[in-house]
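A short worksheet on the structure shown next.
There are 2 protein chains.
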Amino acid sequence: MDLVAGIDIGGTKTKIGLVNKDGKSINNTYFRTREFEDLDDYLDKVKDTVDKLVNDCEHEVNLLGCGVGAPNASSRTGCIENASNLAWKGRVPLVAKLKDRINLPIRVMNDANAAAMGEMLFGNAKGLEDFILLTLGTGLGSGIVANGQIIEGSGGLAGELGHVGLTVEEGRYTGVGVQGGLEAYVSATGLKRTILHMQSKYTEDSRFRDIAFNDLHGEDITKAAEEGDFIALKAFDYTAEILGMALANFTAFTQPEAIFLLGGLVNSGKWILDPLEKYFDQYLMEAYKGKVELKFSGLPPASAAICGAAALIWELDKKKLAM
Amino acid sequence: MDLVAGIDIGGTKTKIGLVNKDGKSINNTYFRTREFEDLDDYLDKVKDTVDKLVNDCEHEVNLLGCGVGAPNASSRTGCIENASNLAWKGRVPLVAKLKDRINLPIRVMNDANAAAMGEMLFGNAKGLEDFILLTLGTGLGSGIVANGQIIEGSGGLAGELGHVGLTVEEGRYTGVGVQGGLEAYVSATGLKRTILHMQSKYTEDSRFRDIAFNDLHGEDITKAAEEGDFIALKAFDYTAEILGMALANFTAFTQPEAIFLLGGLVNSGKWILDPLEKYFDQYLMEAYKGKVELKFSGLPPASAAICGAAALIWELDKKKLAM
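Protein chains in written order, with the working numbering: chain A, 298 to 620; chain B, 298 to 620.
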């Protein structure tokens, strides 16, 4: 059975899975990234994990290669550069060093770009030439596809839409210090910050007045909205307006046919999507109205990152078949 | 001598020239677009003008085709759609109708995208895979190149960066009604509007207090800055800050190697470029600092639009040669 190892390198966890040609993760596992501060130790652990997954598989495995999604990574250079949430500093030649251990095609890309590749091969973007995918998790990542190709930019750092500044008054700071950066508002964390803001702005009672910031979880906010909590409803409306305005601006860049949303914030379902559609339409330039769909991602939520990483190799395979 | 007809369809003038393989306009002319409200009459005039240029040329001409730059045009469809500053409404099948008259390769593209193609073939973007070109004239147009390709978007309306909203308080309106749209600030017209704004904000004396808006020209503002006029200096600083912030945001989209500026505002030289470089660096995310050049366009100012339009055909020719 032909399979690809999808490897998602996150600041907290490294997730690895074997993915078939339809984007289905056959089996997968994870380990804690921070346990391996030394890069060589870390890559040995990656190799061992891939080997174990292959051996444990109930089918005979023909491994085609490894696709890797990682912060600040570029497929052009095969390197990770200055990723603020990883222990390895400077320029990490990931492809070269992993190839020393696993002598198969290896390809690395920024994690959100890899997710966009997954959406194109396996998800709701099949057949689309121009679309944007936003990952709304702890932060806000994005992958932009134009002319049927991922836009990586000259250094693999294109599509950092979370750090687009909004120039709101007294804007919030993002983790990298961009004032008014979108991800400070639109992400699971941004929504929590907005719950604080709304409590400071209004006097209405709310369940959140008894919950500290560090005890607050995304699902609580959705649940509160369902119960009609004033602060929760205000927070969703505010988040949706900022995201709707940002997506209207993004449309002026690449005129995508669709914008897909993925990640934790998506679990809020209609509480985010309904006001988002309203504001997006309101801010969209007349010429674009009715031409850009807003949709949730079609990737399996639990294994989206693995699936996206594996897509980097499956894409090469499909190109070969097409030739 | 192999030549391409470059045709720039503007709301006021239609400029046509014959362009050689180095991007040099051999001879050119123009006529008033509005004199031909009927599309067929207009295209007859275009054909006659091209014929006349070919006949008047002192060399034997081998015409390879016609490249056309026009507002709201897409090379994918070959049409102009709902261009607000042209008389022909709805969807105009420009390529098909022009081919009926001139049976050679015809290609049409949004005018700013065509200028970016010209910059890539003939100007300062030779060899670059990722760059942005801004045209700062009456309005603000833009062409985005990523992966060595122009981004046209699903309907040919990508790169409308003039209509990206800035969410400034009580934002100015653009011609298409986008509040806070960039071109309301950063364009020859935007700079004039800022001269009004600065006069309303400050009490300092200025030569502009004796000049009405409709009598005001870009070159007056540059001249006033040279003389140390308080209002002119404030206006350049304000324009540069807004443009610098916007360019820092644009960088997060496609991580270009360079951003090129073209058009009337560029004639202000250091009065715009010096503060622009300061603000751009100030607003740029750390990871991008020192990696994105700001430069003026390398296209000849007087024939940049013709040269860009002609590049659409020269590009096809170069691709053929490369095969």
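Backbone N, C-alpha and C fix where the C-beta goes; we use that ideal spot for every residue, glycine too.
The model shown is predicted, which means the values in this text are computed figures rather than measured ones.
What are the boundary residues of the alpha helix (DSSP H) that includes residue i?
i	result
Asp517 of chain A	515 to 523
Arg490 of chain A	485 to 498
Phe419 of chain B	408 to 419
Ala393 of chain A	391 to 396
Val442 of chain B	Careful: Val442 of chain B lies outside any alpha helix (DSSP H), inside the beta strand (DSSP E) at 437 to 443.
Phe577 of chain B	567 to 580
Val347 of chain B	336 to 353
If you run the structure through DSSP and keep just helix, strand and coil, what is residue i?
i	result
Phe533 of chain B	helix
Leu300 of chain A	strand
Ile313 of chain B	strand
Gln552 of chain A	coil
Asp305 of chain B	strand
Thr374 of chain B	coil
Gly541 of chain A	helix
Tyr585 of chain A	helix
Glu467 of chain B	coil
Gly320 of chain B	coil
Asn379 of chain B	coil
Tyr482 of chain B	coil
Gly462 of chain B	strand
Asn325 of chain B	strand
Phe547 of chain A	helix
Phe557 of chain A	strand
Could you compute how far the alpha carbon of residue i sits from the alpha carbon of residue j?
i	j	result
Ser503 of chain A	Ile569 of chain A	19 Å
Thr471 of chain B	Leu479 of chain B	8 Å
Thr548 of chain B	Leu581 of chain B	8 Å
Asn410 of chain B	Glu583 of chain A	20 Å
Lys489 of chain B	Trp611 of chain A	54 Å
Asp526 of chain B	Leu573 of chain B	19 Å
Gly314 of chain A	Tyr499 of chain A	46 Å
Gly308 of chain A	Ile403 of chain B	51 Å
Met542 of chain A	Asp353 of chain A	48 Å
Thr519 of chain B	Phe593 of chain B	17 Å
Leu562 of chain A	Asp534 of chain A	13 Å
Glu554 of chain A	Lys567 of chain A	21 Å
Asp345 of chain A	Leu544 of chain A	42 Å
Glu332 of chain B	Asp397 of chain B	22 Å
Ile306 of chain A	Gly487 of chain A	23 Å
Leu418 of chain A	Ser600 of chain A	15 Å
Pro390 of chain A	Thr330 of chain B	56 Å
Leu458 of chain B	Asn546 of chain B	11 Å
Tyr327 of chain B	Asp614 of chain B	26 Å
Ile492 of chain A	Phe510 of chain A	9 Å
Lys386 of chain B	Ile377 of chain B	9 Å
Cys363 of chain B	Lys310 of chain B	17 Å
Glu449 of chain B	Glu501 of chain B	46 Å
Met414 of chain A	Gly595 of chain A	12 Å
Lys312 of chain A	Asn325 of chain A	7 Å
Leu437 of chain A	Gly515 of chain A	15 Å
Phe550 of chain A	Leu431 of chain B	13 Å
Arg469 of chain B	Glu524 of chain A	40 Å
Asn382 of chain A	Glu426 of chain A	32 Å
Below 8 Å on the Cβ atoms is my contact criterion, and I expect residue i with residue j to pass it. Report the Cβ-Cβ distance as a whole number of Å.
i	j	result
Val358 of chain A	Ile304 of chain A	The pair is not a contact, with the Cβ atoms about 16 Å apart (cut-off 8 Å).
Leu361 of chain B	Asp299 of chain B	6 Å
Ile429 of chain B	Ile441 of chain B	5 Å
Val405 of chain A	Ala367 of chain A	6 Å
Asn421 of chain B	Phe557 of chain B	6 Å
Leu433 of chain B	Ala393 of chain B	So it is not a contact: roughly 33 Å between Cβ atoms.
Ala522 of chain A	Leu513 of chain A	Rounded, the Cβ-Cβ distance is 14 Å, inconsistent with contact.
Val365 of chain A	Ala606 of chain A	6 Å
Can you tell me where the beta strand (DSSP E) with residue i in it begins and where it stops?
i	result
Leu361 of chain B	359 to 367
Lys592 of chain B	590 to 593
Leu433 of chain A	428 to 433
Mind checking the segment 446 to 466 of chain B against chain A and listing, in chain order, the residues whose C-beta falls within less than 9 Å of any C-beta there?
-> Gln446, Ile447, Ile448, Glu449, Gly450, Ser451, Gly452, Gly453, Leu454, Ala455, Gly456, Glu457, Leu458, Gly459, His460, Val461, Gly462, Leu463, Thr464, Val465, Glu466
Check each residue of the segment 368 to 387 of chain B: if its Cβ is closer than 7 Å to any Cβ of chain A, include it; give the result in chain order.
-> Asn379
If you measure beta-carbon to beta-carbon, which residues of the segment 581 to 615 of chain A are closer than 9 Å to chain B?
-> Met582, Glu583, Ala584, Tyr585, Lys588, Val589
Going along the chain, which residues of the segment 548 to 561 of chain B sit with their C-beta nearer than 7 Å to a C-beta in chain A?
-> Ala549, Phe550, Thr551, Gln552, Pro553, Glu554
In chain order, what residues of the segment 500 to 527 of chain A put their CB closer than 8 Å to some CB of chain B?
-> none
Using a beta-carbon distance cut-off of less than 8 Å, what residues from the segment 529 to 545 of chain A approach chain B?
-> Met542, Ala545
What residues in the segment 420 to 437 of chain B have a beta carbon less than 9 Å from any beta carbon of chain A?
-> Leu425, Glu426, Asp427, Phe428
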